[in-house]
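Numbering (this note's numbering), first residue to last: 138 to 276.
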């Protein structure tokens, strides 16, 4: 499985960016694979796990990449779940901590994209949308 991780500090828009990438793929005629969606952590943050599919290609999403340990909560276990369900690619958020990034680097085919920092609240959506496009282009 190819892993495309958006890495950055806390509260920089990683989860929002993952949600934008998800919406873009839905618009591009990807469909949800039933039985995989669930909210992760605090629902207000909009972290989730899910799988979309188009033309037999499965793309998994993990919006919560802040935890090092915990079954079903750590980035490592969430990526393993997506791989076990046959995902070809996984898009995920990942805090910029070595032990969290190690979960991404465990996959030989991985890309780590640095989260672009916004210069102000009025630019958040623009910056996050641009980062989502970079992630999608890496699929």
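For glycine and all other residues, C-beta sits at the position ideal for the given N, C-alpha and C.
Nearest to residue i (by Cα), restricted to the options the options
i, options, result
"residue 267", "172, 195, 161", "161"
"residue 200", "257, 242, 231", "231"
"residue 234", "146, 248, 194", "146"
"residue 143", "242, 166, 189", "242"
"residue 166", "175, 191, 252, 152", "191"
"residue 249", "219, 218, 276", "276"
"residue 218", "171, 188, 150", "188"
Cβ distance (whole Å) where residue i is taken to contact residue j below 8 Å
i, j, result
"residue 141", "residue 272", "5 Å"
"residue 164", "residue 225", "Contact doesn't hold; Cβ gap of about 20 Å is too wide."
Pairwise C-alpha distance: residue j and residue i
i, j, result
"residue 216", "residue 180", "20 Å"
"residue 221", "residue 227", "12 Å"
"residue 269", "residue 246", "19 Å"
"residue 152", "residue 252", "11 Å"
"residue 255", "residue 174", "29 Å"
"residue 240", "residue 172", "24 Å"
"residue 193", "residue 223", "10 Å"
"residue 257", "residue 274", "25 Å"
"residue 244", "residue 195", "17 Å"
8 Å CB neighbourhood of residue i in its chain, flanking five on each side removed
i, result
"residue 177", "184, 185, 186, 199, 200, 201, 210, 215"
"residue 150", "252, 255, 261, 264, 265, 268"
Closer than 7 Å to chain D by CB, residue i
i, result
"residue 177", "The structure shown contains no chain D, having only a single protein chain."
7 Å CB neighbourhood of residue i in its chain, flanking five on each side removed
i, result
"residue 148", "none"
"residue 237", "202, 205, 212, 231"
"residue 169", "187, 189"
Sequence-distant residues of the same chain with beta carbon closer than 6 Å to residue i, five excluded per side
i, result
"residue 197", "188, 219, 224, 227"
"residue 229", "142, 199, 202"
Do the stretch 143-161 and the stretch 251-265 touch if we need at least three Cβ pairs shorter than 8 Å? They touch, by the three-pair rule.
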